Amino acid sequence: MAKQEFPGWHGTTIIGVKKGGEVVIAGDGQVSLGQTVIKGTARKVRRLSPGGYDVIAGFAGSTADAFTLLERLEAKLESFPGQLQRASVELAKDWRTDKYLQKLEAMLIVTDGADLLVITGAGDVLEPEHAIAAIGSGGNYALAAARGMMDSDRDAEGVARDAMAIAADICVYTNGNLTVEKIST
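Under UniProt numbering, the first residue of the sequence shown carries the number 1, and numbering increases by one thereafter.
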């Protein structure tokens, strides 16, 4: 008898856009199991405020894994107040070296208004080019759309919303039910 594979959780699209003194992170609300939409209103973008210091984080991947990483990031931000880059690097170091964390399947986009970073499970902390970061199943579609709009008169939120709408039209694991959080620099 052949081993049956669990279909796996799929999808999400998260985008971060930095433009005109604002940074916006937007994420869709779809959670899929195999070819079935389980939920269309998930909240994958969160505002963290460790010690009164505002940070926005968006996650793609396994929800439980992402929440574990968000908790760890919040703890790192409490250890390094006002230092998002350092807290992110410390989280990535732990993620890479801790046997438990290595099994987590998620990625994060984070911002404090000054920095826009992608934190990966491979232990990378990346500052994206062109002031746009995108992750998840529809990430490349959203990234391409946003890059095409950066020279337009749209603000950061307009670019993020329009890029997410394009990604939702292309990626079957992305919907148009958005959560949008913004920080001014």
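In this text, a Cβ means the ideal position worked out from N, Cα and C, and glycines have one as well.
These numbers were taken from a predicted model, which means no experiment stands behind them.
For Leu48, the enclosing beta strand (DSSP E) stretches over residues Val45 to Leu48. Between Arg161 and the set Asp151, Val172, Thr179 and Ser152, the nearest pair of CA atoms involves Thr179. Counting along the chain, the unbroken alpha helix (DSSP H) around Ala146 starts and ends at Gly139 to Met149. The beta carbon of Ala145 lies closer than 6 Å to those of Ala163 and Ile166 in the same chain, with the five residues before and after it left out.
In the structure shown, Gly158 falls within a helical segment according to DSSP collapsed to helix, strand and coil. In the three-state scheme derived from DSSP, where H, G and I count as helix and E and B as strand, Leu178 is classed as coil. For Glu22, the enclosing beta strand (DSSP E) starts and ends at Glu22 to Gly27. Minimum Cα-Cα distance from Thr111 among the listed residues Gly20, Ile25 and Ile14 corresponds to Ile25. One alpha carbon belongs to Gln85, the other to Ser137, and they sit about 25 Å apart.
Boundaries of the alpha helix (DSSP H) around Thr63: Thr63 to Ser79. In the DSSP secondary-structure assignment, Thr111 is bridged to Ile56 and Leu116. Looking at the DSSP output, Ile166 bridges to nothing.
Secondary structure at Ser184: strand, using DSSP grouped into helix, strand and coil.
DSSP places Ser152 outside both helix and strand once states are collapsed to three, so it counts as coil. In this structure, the beta-carbon distance from Arg72 to Glu181 does not fall below 7 Å.
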